[in-house]
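Numbering (the UniProt record's numbering), first residue to last: 1 to 373.
Where a beta carbon is used, it is the ideal one built from N, C-alpha and C, also for glycine.
Scroll down for the structure; my scribbles are underneath it.
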Amino acid sequence: MKKFLYIFTTLLLYISCGNKTKETPIEENSNENEITITRQQFMDAGMKTVTLSEQNFQETIRVNGYIDVPPQNRASVRTFIGGYVKHTPLLVGDKVKKGQPLITLENTEYVAIQQEFSEISQKITFLKAEYGRQKKLYEENITSQKNYLKAESEYKSTLAMYNGLKRKLEMMNINPENAENGNIVSSITIYAPIAGSISKINTSTGAFVSPADEIMEIINPEHIHLELSVFEKDIMKIKVGQPVYFKVPEASDEVFEAEVHLVGASVSENNRTVKIHGHLKNEDHTFVTGMFTEADIVVNEYKSLALPANAVAEWEGADYVLVLKNKNDDEYTFEKKPVNIKSQTEDYVAIDAQHIKPTDEILSKGAFNLINE
């Protein structure tokens, strides 16, 4: 008998405990837009209600672009007169200083130019003296005007050739005084026009490079900027000084800041876009020229009534909120109302509050699960 009472008592306790742990279902009202939950469900799920609040929003235009440097920070290294590459010690990525030797070229034409300059420099000494002599004789009416003009013409034409060859040697980085004294060289050295890093090398030892060939490229990344493309339909909204938020999607999810510095004055015929030049707020980042960027240009800032982002839930292609219709000690009843989203940030959603009162309590945490159940 005692054993039977013990088993019966244990069974009752098991049934009682099982009933206590059973979940209470969400009550479906006859009105399909109403959802009722118990107070216990509300508390256990950590649900919260909020009211409309005024928040700051931005109207932005999404654009694409790339990281670049100004023209004065990019140098294309070429030769004035073609030659064969004799020595090129640098690699892509090497840093160079302005005036540092980059490459040595060799060509017999360099020798011929120096020889011609040396010969003309010797000739011009005689022609200058002859011109001076004929001028003096002409002034004293001892020689004819014809002889004087001939001497003047020969001297001045030869002087022009002398100055032209001298300038050509200077452009070839050859000292004219050395050539004038007969010190002829067969090679020339090209020096770095700016400081920076080697971004391209388009030749190798033994190759011939012409004046049309780009030997290498140097980029100075000290002043990087954004080059953005804005479609023609949006360009009237763009103004100098507007904030720009951008990221380099292939390298990082970090968002960086810039501002509009220049707005292009023409529309590209190829894609109907206008170039926008943006200055970075912080140029210490290790960007590389040519990096693709995605950017948002802030064209307007305004305030609007808004809700936390988790208070709005999508259901069957439309957006809804749950407005508290009634509550008592035992349960909460919410009404599902459609809303139109005007704008949104990571934390808040600006909505068309036509059907919602400023005092309405709206479910924030837990709205998505209730609407989609």
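Quick check on this structure: which residue in the options has the alpha carbon closest to the alpha carbon of residue i?
| i | options | result |
| --- | --- | --- |
| Asn282 | Ala306, Val255 and Asp296 | Val255 |
| Ser364 | Asn340, Lys342 and Tyr320 | Tyr320 |
| Tyr131 | Glu152, Ser121 and Glu116 | Glu152 |
| Ile238 | Lys48, Val63 and Glu32 | Val63 |
| Thr260 | Ser266, Glu269, Val244 and Ser268 | Checking the sequence, you will find Val at residue 260 rather than Thr. It is Val244. |
| Lys342 | Asp329, Tyr302, Pro358 and Trp315 | Tyr302 |
| Val267 | Lys233, Phe208 and Thr38 | Lys233 |
| Gly164 | Leu149, Ala353 and Ile113 | Ile113 |
| Glu294 | Ile61, Glu32 and Gly65 | Gly65 |
| Pro70 | Leu262, Pro338, Lys327 and Ala353 | Leu262 |
| Lys150 | Ile81, Ile142, Gln134 and Ala160 | Gln134 |
| Asn107 | Thr125, Lys146, Asn328 and Gly82 | Gly82 |
| Thr203 | Pro338, Asn372 and Thr104 | Thr104 |
| Pro338 | Gly46, Lys327 and Ile371 | Ile371 |
| residue 376 | Tyr148, Val240 and Trp315 | Any question about residue 376 goes unanswered here, given that the chain covers just 1 to 373. |
| Ile124 | Asn141, Ile142, Ala160 and Lys146 | Ala160 |
| Phe246 | Gln41, Ala212, Phe292 and Asn141 | Phe292 |
Residues in its own chain within less than 8 Å of residue i by CB, not counting five upstream and five downstream?
| i | result |
| --- | --- |
| Asp68 | Ile224, His225, Leu226, Glu227, Thr289 and Gly290 |
| Glu34 | Lys325, Thr333, Phe334, Glu335 and Lys336 |
| Asn73 | Ile194, Gly196, Ile219, Asn220, Pro221, Glu222 and His223 |
| Asp360 | Thr51, Leu52, Val323 and Leu324 |
| Ser144 | Tyr138 |
| Ile61 | Val230, Asp234, Lys237, Ile238, Asp296, Ile297 and Val299 |
| Tyr148 | Gln134, Lys135, Leu137 and Tyr138 |
Less than 6 Å between C-beta atoms, sequence neighbours within five positions excluded: which residues of the same chain meet that for residue i?
| i | result |
| --- | --- |
| Asn300 | Glu59 |
| Lys275 | Gly264 |
| Thr286 | none |
| Leu127 | Glu154, Tyr155 and Thr158 |
| Phe368 | Ala313 |
| Lys200 | Met216 and Glu217 |
| Gln354 | none |
| Ala45 | Gly366 |
| Asn340 | Asp352 |
| Phe208 | Tyr84 |
| Thr24 | Confidence in Thr24 is poor, its pLDDT being 45 and thus under 50, which makes the residue's placement unreliable; the coordinate value appears in the next sentence. Correct list, in chain order: Thr38. |
| Asp329 | none |
If you follow the beta strand (DSSP E) that residue i is in, where does it begin and where does it stop?
| i | result |
| --- | --- |
| Ala350 | Tyr348 to Ile351 |
| Arg39 | Note, Arg39: premise wrong, no beta strand (DSSP E); alpha helix (DSSP H) at Arg39 to Asp44. |
| Gln58 | Ser53 to Asp68 |
| Asn326 | Ala318 to Lys327 |
| Glu177 | From DSSP, Glu177 is part of no beta strand (DSSP E) but of the alpha helix (DSSP H) over Pro176 to Glu180. |
| Phe334 | Glu331 to Val339 |
| Asn183 | Element bounds for Asn183: n/a, residue is neither H nor E. |
| Ala313 | Ala313 to Trp315 |
| Leu305 | Phe292 to Pro308 |
| Pro243 | Pro243 to Lys247 |
| Leu216 | What sits at residue 216 in the sequence shown is Met, not Leu. Counting along the chain, the beta strand (DSSP E) containing Met216 begins and ends at Met216 to Ile219. |
| Arg78 | First-last for Arg78: undefined, no H or E at that position. |
| Lys98 | Element bounds for Lys98: n/a, residue is neither H nor E. |
| Glu256 | For clarity, residue 256 is Phe in the given sequence; the question names Glu instead. Phe256 to Val263 is the span of the beta strand (DSSP E), which, as asked, contains Phe256. |
| Leu280 | Thr273 to Leu280 |
| Ile198 | Gly196 to Ile201 |
Once you ignore the five residues that flank residue i on each side, which residues in its own chain have a CB closer than 7 Å to its CB?
| i | result |
| --- | --- |
| Gly206 | Tyr84 and Val85 |
| Phe231 | Arg272 and Thr273 |
| Ser121 | Tyr162 and Glu180 |
| Glu139 | none |
| Glu28 | For Glu28, the predicted structure reports a pLDDT of 48, less than 50, and the residue's modelled location is therefore unreliable. The matter cannot be settled from this model. |
| Phe8 | Bear in mind that a pLDDT of 32 at Phe8, under 50, signals an unreliable position, so the model cannot answer this. |
| Pro358 | Thr51 and Leu52 |
Can you tell me the Cβ-Cβ gap for residue i and residue j, rounded? I've got them flagged as a contact below 8 Å.
| i | j | result |
| --- | --- | --- |
| Asp94 | Ser197 | 7 Å |
| Ile297 | Gln242 | 6 Å |
| Ser186 | Tyr110 | 6 Å |
| Ile362 | Ala311 | 5 Å |
| Ile188 | Met172 | 5 Å |
What residue range is occupied by the uninterrupted alpha helix (DSSP H) comprising residue i?
| i | result |
| --- | --- |
| Phe117 | Thr108 to Glu139 |
| Phe231 | From DSSP, Phe231 is part of no alpha helix (DSSP H) but of the beta strand (DSSP E) over His225 to Phe231. |
| Leu169 | Gln145 to Met171 |
| Ile371 | Ala367 to Asn372 |
Could you check whether the Cβ of residue i sits closer than 6 Å to any heavy atom belonging to the ligand FMN?
| i | result |
| --- | --- |
| Lys86 | Annotation note on the ligand FMN: not contained in the displayed structure, which lists no ligands. |
For the pair the segment 160–180 and the segment 45–52, tell me if three or more CB-CB distances fall below 8 Å. no
For the segment 97–112 against the segment 186–205, are there 3 or more C-beta pairs whose distance is under 8 Å? yes
Would the segment 112–129 count as touching the segment 164–172 if we require 3 or more Cβ pairs under 8 Å? yes
Report yes or no: do the segment 201–219 and the segment 74–82 share at least 3 C-beta pairs separated by less than 8 Å? yes
Would you call the segment 233–250 in contact with the segment 84–95, where contact means no fewer than 3 C-beta pairs closer than 8 Å? no
Evaluate the contact criterion for the segment 303–312 versus the segment 342–350: three or more CB pairs, one atom per stretch, below 8 Å. yes
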